[in-house]
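Please read the structure below before turning to the comments.
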Amino acid sequence: MPLVSMRQLLDEAAKGGYGVGAFNVNDMEQIQAIMGAAKETNSPVIIQASRGARAFAQDRYLFHLILAAAELNPEIPIAMHQDHGNSFETCKSAIELGYTSVMMDGSLKDDGKTPSTFEENVEVTRKVVEFAHPLGVTVEGEIGVLGGVEDGHGAGGTGLEHITDPDQAVEFAERTGVDALAIAIGTSHGAYKFTKKPDGSVLKMDVLIAIHKRLPNTHLVMHGSSSVPKDLQDVINEYGGKLKETWGVPVEEIQLGIRNGVRKVNADTDNRLAMTGAIRKVLWTQPEKFDPRDYMKPAREAMQKVVAQRMTQFGQAGHAGDYAPIPISEIAKGYADGSLTTQPLVAAK
Ligand code: G3H
Ligand code: 13P
Ligand code: ZN
């Protein structure tokens, strides 16, 4: 199957009432782990690459690895997405490479650290939409700012400092025409999200529900959605790691989000933990090993297991064959003739 539009994938998820995991990749093994899980559970997938991933793997390597995934798995719809684009140029370069979807994270300035103003965010996101839609490419925007820093990207802090304001979310969706809207509800990137199991004082599911009530047809995106399971932390620490006690986003909260308009669920940290634990275990228990396959194979299997579990929990399992891919050129026509609307339905307060 050719790479599909993320808009199509999310529209289908909305019809089916499920969420789709968006998993970060940096190398072949992670792509294979996601595809293995997608095959095992018959799931559509979003494969995403951060700026850091594109630099680490080099654009052409990563792009061709994802094309190989599409070629080898013709029954699985795959959207290829730029995660946290920091500028118009980053998004343009992803689109020119062949990505079918981009995130313009205009919540931060292009240094990827400093929160931007609302007007700056609207302006740069709108510019990306104007470039992307005529080419049939999906755009995700972000309003509000997540906590944490990953690979130099992020505002830092706890995640509670810039929670999305529902009125601004409405205005942002109306003025930018984005296909998907990432909101800040207290989550952060990375392993250290919460110091205990989160409750409503730190994980603002009420804000998500309020935004969904105002924007009932808008595809919402939850970033920083790794659950940071204790068993994955334990494997790392058992074999010489030094993770401090921490909590992630409980899967049941993500499922509550999915019942309230969340269609894309971003997860990276859980996969990093799973792979690192498996690698540590081999190197710690069998120090004589030195063939990378001896630890990369268990690492890939450990990631596949977590991804397959999330695909089932998010509800995307079983939906790979629900639809035929719409060519990107047809998607472009849909934006042009208005059949793919970019204006959100807004409910009264
Ligand atoms: O947004 C965060 C993702 O986990 C990607 O992280 O920038 O370290 O590749 P990265
Ligand atoms: P985690 O760090 O919770 O996995 O979040 C990943 C993410 O939001 C990527 O954009
Ligand atoms: Zn993110």
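Just so we're aligned, residue 1002 is where the sequence shown starts under this note's numbering, counting upward by one. Even for Gly, the Cβ is constructed at its ideal location relative to N, Cα and C. Quick caveat, the model's predicted, so the values are computed rather than measured.
Query, Result
"The beta strand (DSSP E) spanning glycine 1267 covers which residue range?", "Here residue 1267 turns out to be asparagine, not glycine, going by the sequence shown. That run of the beta strand (DSSP E) goes 1263 to 1268."
"Near the ligand ZN, which residues have their beta-carbon less than 7 Å from any of its heavy atoms, given in chain order?", "Asp1084, His1085, Leu1147, His1190, His1224, Gly1225, Asn1267"
"Just grab the DSSP bridge partners of serine 1088 for me.", "None; serine 1088 has no bridge partner."
"Please tell me whether threonine 1270 has its Cβ less than 8 Å away from any Cβ of chain C.", "Going by chain labels, chain C is absent from the structure shown, which holds only one protein chain."
"Shortest alpha-carbon distance to arginine 1311 belongs to which of Arg1176, Asp1338, Asn1272?", "Asn1272"
"Give me the residue from Glu1013, His1065, Val1222 with the minimum Cα distance to asparagine 1267.", "Val1222"
"Along the chain, where does the beta strand (DSSP E) that runs through serine 1044 open and close?", "Serine 1044 -> no beta strand (DSSP E), and no H or E assigned at all."
"Look up threonine 1247 in the DSSP assignment and say whether it is helix, strand or coil.", "coil"
"Is the Cβ-Cβ distance between glycine 1142 and threonine 1118 less than 8 Å?", "no"
"Would you call the CB atoms of methionine 1304 and alanine 1325 closer than 8 Å?", "no"
"Which same chain residues, not among the five before or five after glycine 1017, have their C-beta less than 8 Å away from its C-beta?", "Gly1316, His1320, Asp1323"
"Once DSSP output is grouped into helix, strand and coil, what is the label at valine 1005?", "coil"
"Taking 8 Å as the threshold, find out whether the stretch 1116 to 1136 comes into contact with the stretch 1193 to 1203 through three or more Cβ pairs.", "no"
"When you compare the stretch 1334 to 1345 with the stretch 1162 to 1169, are there three or more beta-carbon pairs, one atom per stretch, that lie closer than 8 Å?", "no"
"My output table needs one value for alanine 1181: the three-state DSSP class, helix, strand or coil.", "strand"
"If we ignore side chains and look at the alpha-carbon of each, how far apart do leucine 1346 and serine 1102 end up?", "22 Å"
"Given that a residue counts as buried once 16 or more other Cβ atoms are within 10 Å of its Cβ, and exposed if not, what is phenylalanine 1291?", "exposed"
"Would you say the beta carbon of asparagine 1043 is closer than 7 Å to some non-hydrogen atom of the ligand 13P?", "no"
"Determine the direct distance from the alpha carbon of aspartate 1207 to that of phenylalanine 1195, and round the result to whole angstroms.", "17 Å"
"For asparagine 1025 and threonine 1313, what's the separation of their Cα atoms in angstroms?", "18 Å"
"Quick one: measure Cβ to Cβ for histidine 1224 and alanine 1170, integer angstroms, because I've assumed they're closer than 8 Å.", "With a Cβ gap of about 14 Å, histidine 1224 and alanine 1170 do not count as contacting."
"For the ligand MN, is there any heavy atom lying closer than 7 Å to the beta carbon of alanine 1054?", "This structure lacks the ligand MN; its bound ligands are the ligand G3H, the ligand 13P and the ligand ZN."
"Between the Cα of leucine 1010 and those of Ile1332, Ser1189, Val1252, spot the shortest distance and give me the residue it belongs to.", "Ile1332"
"Kindly give me the distance between the Cβ atoms of glycine 1157 and threonine 1219, rounded to whole angstroms, as I take these residues to be in contact under 8 Å.", "No, glycine 1157 and threonine 1219 are not in contact; Cβ-Cβ is about 28 Å, not under 8 Å."
"Please state if the CB of alanine 1095 and the CB of glycine 1086 are separated by a distance shorter than 8 Å.", "yes"
"I want to know whether the stretch 1030 to 1038 touches the stretch 1046 to 1066 - three or more CB-CB distances under 8 Å.", "yes"
"Strictly by DSSP, which residues pair up with threonine 1139?", "Ser1102"
"Under 7 Å: does the beta carbon of asparagine 1122 sit that close to some heavy atom of the ligand G3H?", "no"
"Please determine, among Asp1269, Met1007, Gly1053, Val1283, the residue with the shortest C-alpha to C-alpha distance to alanine 1133.", "Met1007"
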